[in-house]
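See below for the structure under consideration.
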Amino acid sequence: MESLLFLFLPLIFLNAEAQMPGFVSIDCGGSGSYTDEIGLEWVSDNHIYGQTADISVSGETRRQYSTLRYFPPDDNRKYCYHLNVKSRTRYLIRATFLYGNFDSSNVFPKFDLSLGSTHWWTVVISDANTLETRELIILPTSSTISVCLSNATTGQPFISTLELRQFNDSMYLTDYETEFYLSISARINFGAWSPEPVRYPDDPFDRIWQSDTLKKANYLVDVARGTVNISTTMPIDANRYERPPQKVMQTAVVGTGGNLNYRLNLDGFPGNGWAVCYFAEIEDLDPIEIRKFRLRLPQHPELNKADVNIEENAQGRYRLYEPGFPNLTLPFVLSFSFVNTSDSSRGPLLNALEISKYLPINMGSLDSVTMTSLISQYSNADWAQEGGDPCLPVPWTWVQCNLDPQPKITKIVLSRKNLTGNIPIELTKLTGLLELWLDGNSLVGPIPDFSGAVNLESIHLENNHLTGAVPSSLLSLQNLSQLYVQNNLLSGPVPCSLLSKDVDFNYSGNLKLHCSKGLSKNKKIIIGTVIGASALLLAALACCLCICHKKKKYFEEDNLSGVLPAHKLASSLSDAGAETAHCFRLVELEDATERFGRQVGSGGFGVVYYGRLKDGHEIAVKVLSTDSFQGKREFSNEVALLSRIHHRNLVQFLGYCQEEGANILVYEYMHNGTLKEHLYGSSTRERTISWVKRLEIAEDAAKGVEYLHNGCVPTVIHRDIKSSNILLDKHMRAKVSDFGLSKLAVEGSSHVSSVVRGTVGYLDPEYYVTQQLTDKSDVYSFGVILLELISGRQAISNECFGANFRNIVQWAKSHIEGGNIYGIIDPSLRNNFDIQSVWKIAEKAMMCVQPSGRQRPSISEVLKDIQEAISIERGSQLGLEGNSDTLSRSSLQSPTDGNSQDFAACEPCTSFDDHVAVPTAR
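Residue numbers for the sequence shown, in mature numbering (1 follows the signal peptide of the UniProt record, and there is no 0): -18 to -1, 1 to 904.
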């Protein structure tokens, strides 16, 4: 009985008498109903499946955050809250998560949140005491919605609160609301009186307007000098009811120096979004004074934007004016400014800002209506309690679906589920169904006409109480290969045509069912069993042979001369990349290196020597240590790998040598050594590389890694990206080296299970914990290199980072999240940089070193930001930064320039028309 209760997930529709129509506030894990300190009425979810926990977080006194509800991490079920709504009415739905280390495991949870069939967000907890909040604005098309948790990657799925807020007529109307939800990314109250957000009852719809004094990672930084707060007690005419509340519009910031500058992290971006600024003239200007300014997105091609004259645009003082864009492409890190026009006597003013991302609505599986009708007949059965879409974003545990964008159900397994009554007619309407398992129940009545389920291959109806004849309609199922109806109460003759079909057919145990032909009842089943056993035996034998073959091939790689034929070295090193690995003679390398006389590097693998071939080409000769077993494995790996990959930003592999017990690799010689030496090694005493040069080195290295990730099939994961493996040629162009630890990704797999290898300080912590290697492990390491480029400090040190930190990631994070970028910049750069480009790289580095690989960008995204930072620097050097009267067009529309990203490339969604970037004002 206890296990049954543990598996039971009751379907619950939660309604509450609320302050406003459509207000629902659910205290997850709480007990009883109550009214909180701001007048919101809360209800418990004590009928929802799951377990509850009490938590205590310092500084958090609200009752709804003293409990939570959590769910098992090791099953495949969706755990859903079902809410009644009014169809075609806009709502704000809000889910919050406060971990509080409820399970005493200190394992930060990571799980998926969905709204119906649409994946809403992957919840990633990175701090036990930080409240995570997710909000959507939706227009439901039915009378219920489902909010579901599923697919725990780490820890246990949990939820603290779930809230529903109904709008009346709404400013959140968009041209795309039938295809996209609005996912709230920022809602900011500028010039706020306190750090506390403004919400209900000041905002009657309980939107949360965050204070611009809020301290969190890169929330608002780069505040311009001369930015001051102003406020008024005068009422603000917002024209319509659902504009920002008066308390928000009564405060503002003013750029007394002529500009307002901000930098803002936008959760969920890059992508297409909806953005609105809110202005109200709340200062008394003299008749001769004028306030005019323009929006500016720096470092991008220009997009013209009309001047903002708040009083004129709003047709009066203390009135709302709200220009905005219904659709524009935004980056993850948004830099924006408001800058005075030349005829303005007062600085720009800003009261509030709202930005949301368009989240594509998944239309759901094609069978969702049919399955909803099916489970409604079993409302008390535990198997019928999983909510949301039967297939998306994860299927119900008793259902399998195909992989189409709008999937169909292919398999239903309801064996031994205590089903009673007739076979549900809904099952005959599933056109994608291949397998149906209803065995071991108490079903009665006749076998229905399954001809509507045209693709059925296997039907299991055995061990029920079915009556009547075996229907001839089963003959219409062209793909039917298994039919099991034994041990029922069927009667009458078996259709002759069914007996002649190539079907595994068992109808034994039906005393009144008879065969009019001489065919044995179980003949085809026996034949099928023998054939199946033979096939299984053959498959096992083939598998064994395959394993033996793979083992043989693996051991052969220890002697590469047997698998890599020698070729004549190309006459030009530029042609060598097209050749198979060259097998050098040992005497040839002894002559080239003057008997290994000039050492230029060393490591755990052995020693690197300088050499010059007879044709004058310079080479680097890496000699493997004779006592290194792991080194021999890496040697084999590197030769096999480098023989098939060639790119201008990978160190060119020229060949190998295996003679007299020596294992030697030969590369092109890189005159300027390693990046590490130039950042904090011996080369730093000679000269400091400039910030622009550091960016160019990062660009070169990123191109090399991008080739490994995207240009090779299958993908190559380097596994040891670090500054000492980035080499510089005579022109200070960078190339990635050392592929001894590299792994080939398995096509079709999201990761490679692998014993952890890498270098401390650069090693991906997720890979270290899970031993599952992905290309995002290289991205983590590259993020560490970006931090090295900014700071000129090594990845791990007991001295460089003070008493509180030992690695560069935690040290840099503490500065960047506090907005103190100058605290990590290499002093030797002597302010010869544009701070915008440094910020861009710092923020991208922080994205790269996120704890979860799914949160990290791809190396292509990293490369794009590096190139944009280079453009910023070059623009600054050419004096192109000063035009403040225009706004970048490509940042809103172009898929290739600036910081933009083509929306169609980001999401599989409907295209927007050509006019969506036109600003609007209501």
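We put the CB at the ideal spot given by N, CA and C, even for glycine.
Original post:
Name the DSSP bridge partner or partners of Pro342?
Top reply: Position 360 of the sequence shown, counted from the start, is the residue given in the question as residue 342. Its beta-bridge partners are Phe162.
Original post:
Which whole runs of the beta strand (DSSP E) in the region 184 to 240 are 3 residues long or more, in chain order?
Top reply: 209 to 213, 233 to 237
Subject >> Collapsed DSSP secondary structure at Pro252 in the structure displayed >> reply: Numbered from its first residue, the sequence shown carries residue 252 at position 270. Coil, per DSSP.
Subject >> Extent of the continuous beta strand (DSSP E) run through Leu385 >> reply: As a first step, residue 385 must be located in the sequence shown, where it is residue number 403. Premise fails: Leu385 is in no beta strand (DSSP E) and is neither H nor E.
Original post:
Could you give the distance in angstroms between the alpha-carbon of Cys830 and the alpha-carbon of Asp847?
Top reply: Mapped onto the sequence shown, residue 830 falls at position 848. Mapped onto the sequence shown, residue 847 falls at position 865. Each residue's alpha carbon lies about 12 angstroms from the other.
**OP:** Decide if Ala257 is buried, meaning its Cβ has at least 16 other Cβ atoms within 10 Å, or exposed.
**Re:** Here residue 257 corresponds to residue number 275 of the sequence shown, with the count starting at 1. With 16 or more other Cβ atoms within 10 Å, it is buried.
Subject >> Close beta carbons around Thr379, own chain, < 6 angstroms, minus the five adjacent residues each side >> reply: Taking the sequence shown and counting its residues from 1, the one referred to as residue 379 is at position 397. For Thr379, where only same-chain residues beyond five positions count, the Cβ hits under 6 angstroms are Asn58, Arg59.
Subject >> Closest Cα partner of Met153 within the set Pro308, Gly346, Gln460 >> reply: Counting from one through the sequence shown, the residue named residue 153 turns up at place 171. Comparing Cα-Cα distances from Met153 to each of Pro308, Gly346, Gln460, the minimum goes to Pro308.
**OP:** Answer with buried or exposed for Cys259, where buried requires no fewer than 16 other C-beta atoms within 10 angstroms of its C-beta.
**Re:** Residue numbering aside, residue 259 sits at position 277 when the sequence shown is read from its first letter. When all chains shown are included, Cys259 counts as buried.
Subject >> Length of the line joining the Cα atoms of Met2 and Asp184 >> reply: In the sequence shown, residue 2 corresponds to position 20, counting from 1. In the sequence shown, residue 184 corresponds to position 202, counting from 1. C-alpha separation (whole angstroms): 13 angstroms.
Subject >> Under the three-state DSSP convention, the category Asn333 falls into >> reply: Indexing the sequence shown from 1 puts residue 333 at position 351. In this structure, Asn333 counts as coil in the three-state DSSP scheme.
Original post:
Are the region 361 to 368 and the region 86 to 95 touching, with three or more C-beta to C-beta distances below 8 angstroms?
Top reply: no
**OP:** Find out if the Cβ-Cβ distance for the pair Phe314, Gly237 is shorter than 8 angstroms.
**Re:** By 1-based counting over the sequence shown, the position of residue 314 is 332. By 1-based counting over the sequence shown, the position of residue 237 is 255. No, they are not a contact pair.
**OP:** Could you round the C-beta distance between Gly253 and Tyr163 to whole angstroms and report it? I think they count as a contact, below 8 angstroms.
**Re:** Numbered from its first residue, the sequence shown carries residue 253 at position 271. Numbered from its first residue, the sequence shown carries residue 163 at position 181. Not confirmed; about 13 angstroms, so no contact.
**OP:** Within 10 angstroms of the Cβ of Asn786, are there 16 or more other Cβ atoms? Answer buried if so, exposed if not.
**Re:** In the sequence shown, residue 786 corresponds to position 804, counting from 1. Per the 10 Å Cβ criterion, exposed.
**OP:** Let me know if Pro227 comes out buried or exposed under the rule of 16 or more other beta-carbons within 10 Å of its beta-carbon.
**Re:** Within the sequence shown, the letter at position 245 stands for residue 227. That one is buried.
Subject >> contact_flag[the region 432 to 452, the region 460 to 472] where n(CB pairs < 8 angstroms) is 3 or more >> reply: yes
**OP:** Consult DSSP for Glu444 and reduce its assignment to one of helix, strand or coil.
**Re:** The residue labelled residue 444 in the question sits at position 462 within the sequence shown. Coil.
Subject >> For Leu418, the residue or residues it bridges with in DSSP >> reply: On the sequence shown, position 436 is the one that residue 418 refers to. Partner(s): Ile394, Ile441.
Original post:
Whose C-beta lies closer than 6 angstroms to the C-beta of Tyr749 among residues of the same chain, with five residues either side of it excluded?
Top reply: Taking the first residue of the sequence shown as position 1, residue 749 is located at position 767. These residues qualify, in order along the chain: Leu755, Ser759.
Original post:
With DSSP run on the structure shown, which of helix, strand or coil describes Glu23?
Top reply: Mapped onto the sequence shown, residue 23 falls at position 41. If DSSP states are grouped into helix, strand and coil, Glu23 belongs with the strands.
Original post:
So, helix, strand or coil for Tyr244, using DSSP?
Top reply: Within the sequence shown, residue 244 is the residue found at index 262, counting from 1. DSSP places Tyr244 in strand when its eight states are reduced to three.
**OP:** Return the CA-CA distance between Cys639 and Arg594, expressed in angstroms with no decimal places.
**Re:** For the purposes of this step, residue 639 is identified with residue 657 of the sequence shown, where counting begins at 1. For the purposes of this step, residue 594 is identified with residue 612 of the sequence shown, where counting begins at 1. Answer to the nearest angstrom: the Cα atoms are 16 angstroms apart.
Original post:
Based on the DSSP secondary-structure assignment, which residues constitute the bridge partners of His660?
Top reply: The residue labelled residue 660 in the question sits at position 678 within the sequence shown. The partner list for His660 (beta bridge, DSSP) is empty, contrary to what the question assumes.
Original post:
For the alpha helix (DSSP H) that Arg676 lies in, which residues bound it at each end?
Top reply: As a position in the sequence shown, residue 676 is number 694, starting the count at 1. Segment 673 to 688, the alpha helix (DSSP H) holding Arg676.
Subject >> Under the three-state DSSP convention, the category Gly857 falls into >> reply: The sequence position of residue 857 within the sequence shown is 875, counting from 1. If DSSP states are grouped into helix, strand and coil, Gly857 belongs with the helices.
**OP:** Just the C-alpha distance for Ala548 and Ile703, rounded to the nearest angstrom, thanks.
**Re:** As a first step, residue 548 must be located in the sequence shown, where it is residue number 566. As a first step, residue 703 must be located in the sequence shown, where it is residue number 721. Summary for Ala548: the model assigns pLDDT 33, below 50, so the residue's position carries little reliability; its value from the coordinates is reported in the next sentence. If I take the Cα positions, the gap works out to 30 angstroms.
Original post:
Using 8 angstroms as the limit for Cβ to Cβ distance, is Ala435 near chain B?
Top reply: Reference to chain B is not applicable here, since this structure consists of a single protein chain.
Original post:
Buried or exposed: which applies to Thr402, given that a residue is buried once 16 or more other Cβ atoms fall within 10 Å of its Cβ?
Top reply: Translated into positions along the sequence shown, residue 402 becomes position 420. By the neighbour-count rule (16 or more Cβ atoms within 10 Å), Thr402 is not buried but exposed.
**OP:** Kindly examine the ligand GTP and report whether one of its heavy atoms sits closer than 7 angstroms to the Cβ of Arg116.
**Re:** For the ligand GTP, the structure offers nothing, since it holds no ligand at all.
**OP:** Could you check how far apart the C-beta atoms of residue 934 and Glu650 are, in whole angstroms? I think they sit under 8 angstroms.
**Re:** Since the first and last residues shown for the chain are -18 and 904, residue 934 lies out of range.
Subject >> Backbone secondary structure at Val476 - three-state DSSP >> reply: Walking along the sequence shown from the start, residue 476 turns up at place 494. Here Val476 sits in coil by DSSP.
Original post:
What is the rounded straight-line gap between the Cα of Phe261 and the Cα of Ser842?
Top reply: Residue mapping note: residue 261 aligns to position 279 of the sequence shown, counting from 1. Residue mapping note: residue 842 aligns to position 860 of the sequence shown, counting from 1. Spanning the two alpha carbons is a distance of roughly 38 angstroms.
Subject >> Contacting residues, own chain, Cβ-Cβ under 7 angstroms from Gly239 (five flanking each side not counted) >> reply: Your numbering for residue 239 matches position 257 in the sequence shown. Hits under 7 angstroms: Ala206, Arg207, Gly208, Gly329.
**OP:** Report yes if the C-beta distance between Ala777 and Gly805 is below 8 angstroms; otherwise report no.
**Re:** Within the sequence shown, numbered from 1, the residue matching residue 777 stands at position 795. Within the sequence shown, numbered from 1, the residue matching residue 805 stands at position 823. It is not a contact, given that the beta carbons lie outside the stated cut-off.
**OP:** Within 10 angstroms of the Cβ of residue 905, are there 16 or more other Cβ atoms? Answer buried if so, exposed if not.
**Re:** Here the chain comprises residues numbered -18 to 904, so residue 905 is not present and cannot be evaluated.
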